[in-house]
Each structure stands twice: as structure tokens, then as C-alpha cells.
Amino acid sequence: MPYLDYNATTPTDRRVIESMLPVFDEKFGNPSSANHETGLAALELVRDARSQVSKIVGMRPADVIFTSGATEANNMVFNGYSISKESPRFLVAATEHKSVLEPCLFLSRHGADVQIIPVLPDGTLDLDKLNEKLIQGADILSVMAANSETGVIHPTKEIVQRAHAHNVLVHCDATQAIGRIPFDAGELEIDFMTFSSHKIYGPKGCGALIATREARKEIQAILHGGGQENNMRSGTLNVPGIVGFGKACEIAMNKKESDNTLQQELRDCFEEKIIQNVPDVTINGKDAKRLPNTSNITIRGALADAIIANAPEIEISTGSACSSAAIEPSHVLTAMGLNTGEANESIRVSIGRQTTREDIDVAVNAIAKAVQYVRGKEAEIAGSMNQC
Ligand code: PMP
Numbered sequence: 001m002p003y004l005d006y007n008a009t010t011p012t013d014r015r016v017i018e019s020m021l022p023v024f025d026e027k028f029g030n031p032s033s034a035n036h037e038t039g040l041a042a043l044e045l046v047r048d049a050r051s052q053v054s055k056i057v058g059m060r061p062a063d064v065i066f067t068s069g070a071t072e073a074n075n076m077v078f079n080g081y082s083i084s085k086e087s088p089r090f091l092v093a094a095t096e097h098k099s100v101l102e103p104c105l106f107l108s109r110h111g112a113d114v115q116i117i118p119v120l121p122d123g124t125l126d127l128d129k130l131n132e133k134l135i136q137g138a139d140i141l142s143v144m145a146a147n148s149e150t151g152v153i154h155p156t157k158e159i160v161q162r163a164h165a166h167n168v169l170v171h172c173d174a175t176q177a178i179g180r181i182p183f184d185a186g187e188l189e190i191d192f193m194t195f196s197s198h199k200i201y202g203p204k205g206c207g208a209l210i211a212t213r214e215a216r217k218e219i220q221a222i223l224h225g226g227g228q229e230n231n232m233r234s235g236t237l238n239v240p241g242i243v244g245f246g247k248a249c250e251i252a253m254n255k256k257e258s259d260n261t262l263q264q265e266l267r268d269c270f271e272e273k274i275i276q277n278v279p280d281v282t283i284n285g286k287d288a289k290r291l292p293n294t295s296n297i298t299i300r301g302a303l304a305d306a307i308i309a310n311a312p313e314i315e316i317s318t319g320s321a322c323s324s325a326a327i328e329p330s331h332v333l334t335a336m337g338l339n340t341g342e343a344n345e346s347i348r349v350s351i352g353r354q355t356t357r358e359d360i361d362v363a364v365n366a367i368a369k370a371v372q373y374v375r376g377k378e379a380e381i382a383g384s385m386n387q388c
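This note's numbering applies: residue 1 is where the sequence shown begins, and numbers increase by one.
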């Protein structure tokens, strides 16, 4: 069955699994127990992984703080800053992931001033709204590198320049960008960046906050205990996860593996065929720069949940997996100007390393068939309501 939900998670690469296996077995040590061989061997593995993770984002190994994923890393930035400073001021893009928006919302109930920056209809940050009046006096500006639902890429360089001109720190959630587009946090001079292992063919439950030495001084730890990760994140390190994460970064850095030309071709082919076969569809964010693997489409007159239920041949999503339990429409799509109905008629197809041309054909056929059925049913229901 074609799996077309790579933005939710990716399958763990075989080479990653192999790199992790010894850590469950002979290399089982605790890297904090560096007073014996077994502990030292584990510490060595973590050191190597730290270097692999730092390289993919152009930062130094000392800048890497291992976490349980991007959610924790994002929370560390805002919660950690709020411990340091009373009444901080955060500027946050409207289309950020919930793991950024929710901690900010929580903190706004406890004294933080949180300003939401709107996006344009193409999904990119409205730079006119990011004006001097708004930026002045802000502490952290948070804009993700690429959106998980639409794949829309923000102009990170320009955003960082504008923030730094006013001494505002920049947080960039690069979870969906790493391994898909070139992203060098060092060159971009980003202060805090976050990403997750399981989006780049690594294991789940591992990620990182990458912060410059200066930025690290601005936040406090939110987990206290044994003082691991330079006192920034206590708790015994998830060595298997960290080793797998490092290997996944090393693989993603390989030019051949990070060449997403084929994925872009498949994505474009999917969109072309959907437009040909399904009337009245819109591609969300199509006028912006997008990740090469992501397609978010609104199919008028057919609810996304109904399309998915009637297309059992494929695995796709209605948007962000993290909010699939919530019944509200996608906050990303509504921020781009779609109404609730349109947002609820939108599906996300995300392609990955294993996707083939046949998968695309199966997906287009399955979606076209499901849409025809659902539109027929919805018209039938509307007709019977009119009769009443
Ligand atoms: N940020 C973005 C942009 C994401 O796509 C996700 C995962 N959906 C997260 C953060 C959360 O990552 P994790 O599942 O590793 O906590």
C-alpha cells in the first residue's frame, strides 16, 4: 500500500537500524558513567553522533542538546526563556507547529506577551507586518523553515536579518526542512533551531535543540536532575536513539541521498495528474517556494476525512498528524485565508525516498475515485435536504 505521509514520519533507514543494534547489546553503557570502559564506549558513540548532527546544520558539536524530539526542543526555547525573564515578548508566525504555538499560548496565560505574525495567502510570512513597531522590544522571533502541512518555505535569511537588526533572537523549527532542502543554521546565524530524528529516516523519540553559545546563556533548563547535556537537559541519554539520529544525519548529508529531484518530479507529476482528473482543486501554497516532497490540495465538495476513508488503497493525511485528534480545521490553512469548509476539504500527500511512479498513479486513481464517490454522496444528501 503506498505510504504517502512522509511529513508525519519516515521509515527508519536499514543502515540506521544497524548502527543502533550494538547499542542495545554489547555497547549498552551509560555515557555519564565514564569511569569504566562500558560507559566510555557509550560516551564515544554519543560524541560521534553529536558531531554528525551538528554537521548537517552547520553548527558546532557543543551547540547540540539532545532531546526527545522537536516538541521538547521547541518547549525548551520558550519555557526556558520564560524562566530567565519575567514577561518575555515572543513573536510567532501564525502557521507554526502546535509544539511552538501551544507553549506560547500557555506562557501568554502566565505573563508572556505573544504576538502572532500573519502569513500571506501563499503561506509565507507577511514581512510587511514584521515591521519595526512589532519587532522593537521583542525577545524571540519564531518562524519555521518549512511548513509541515503545505511545505511552504519562509524567507529565513531575510527574517533573521530583520530580527538581528533589533537584537531579537531567532528560533527556527527546521523539522521538515532538514534533509529536504539545504539548511545551514550557522550560515543563517540562527540562534535556536530544532529538529527531529524520525522525519529524516531516524528513530522516533530523539531530536535536538541546537543553540549558539550566546543563545544558550539566555535560556534555563526545564528538566533538572543529573546535569546531562551541560546542565541543559538532565536525564540519561537515549543512546540508541542518538546513535541512530547521528547516522540518519550522516546519510541525509550524502549528496545522493539528499537529492530530492526525483521526489519533486513525482510531486509535480501527482499535482498535474490530480488537476487533470479531479475538477475544482486548488494547490495550497503553490505560488511560494515549497519543499520538493509536499502537496496540500483543497478538493471542493469533498470532505478530506471522507476522501481518506474512501481511499483505503493509500495512506495520506488531512494535515498535521499531531493535531489529528483535534476537530478544528487546520490553523495553517485558515491562516492562509481558507475558510473552515475549504480547510476541511484539504488533504496532504507527502513523498519520500521509497515513493515510486506507480505509487503516484495508485494515489491519483484512488483519490479521483474517492472524490467522485464522496461528491456524489454529498450531492445526494444536499438534494434530500432540499426536498425536506
Ligand atoms: N515541528 C514540526 C514542523 C513538525 O512537523 C513536527 C512533527 N509533526 C514537530 C515539530 C514535532 O516533532 P516531534 O514529533 O519529534 O516532537
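Don't be surprised by glycine CBs; every beta carbon is placed ideally from N, CA and C.
Quick one: measure Cβ to Cβ for residue i and residue j, integer angstroms, because I've assumed they're closer than 8 Å.
i    : j    : result
V16  : G202 : 6 Å
R89  : G39  : 43 Å between Cβ atoms; not a contact.
K204 : T9   : 7 Å
I219 : S32  : In fact, because the Cβ distance is near 22 Å, the residues do not count as touching under 8 Å.
N7   : S350 : 4 Å
V53  : C249 : 5 Å
K255 : V364 : About 30 Å; that fails the 8 Å criterion.
Can you determine whether any heavy atom of ligand 1 sits closer than 7 Å to the C-beta of residue i, and answer yes or no?
i    : result
S196 : yes
S148 : yes
T12  : no
N260 : no
N74  : yes
H97  : yes
M144 : yes
G29  : no
D139 : no
T71  : yes
D173 : yes
Q176 : yes
G246 : no
G241 : no
G383 : no
G352 : no
G179 : no
G285 : no
G123 : no
G202 : no
Let's test the definition: count the other Cβ atoms within 10 Å of the Cβ of residue i and tell me whether it reaches 16, buried, or not, exposed.
i    : result
E183 : In the sequence as presented, Glu is not what sits at residue 183; that position holds Phe. With 16 or more other Cβ atoms within 10 Å, it is buried.
S384 : exposed
Q161 : exposed
D173 : buried
P279 : exposed
G29  : buried
Q228 : buried
D13  : buried
Q176 : buried
S148 : buried
D139 : buried
R213 : exposed
G376 : exposed
Does DSSP put residue i in a helix, in a strand, or in coil?
i    : result
F183 : coil
G207 : strand
I117 : strand
I140 : strand
R233 : coil
R89  : strand
N339 : coil
H198 : helix
E315 : strand
N344 : helix
A370 : helix
I219 : coil
Y3   : strand
V278 : coil
A8   : coil
R162 : helix
I299 : strand
L107 : helix
So, residue i versus residue j, is the Cβ gap smaller than 8 Å?
i    : j    : result
I159 : V170 : yes
A252 : I307 : no
L266 : I360 : yes
V168 : I135 : yes
S186 : S68  : Note that residue 186 is Gly in the sequence shown, not Ser. Contact flag unset, no.
L188 : L141 : no
M232 : I65  : yes
R348 : N293 : no
P121 : M336 : yes
A93  : M144 : yes
E315 : Y3   : yes
H164 : L125 : no
Q354 : P118 : no
S330 : S346 : yes
Would you say residue i faces chain C, with C-beta separation under 8 Å as the test?
i    : result
S197 : No chain C appears in the structure shown, which is made up of a single protein chain.
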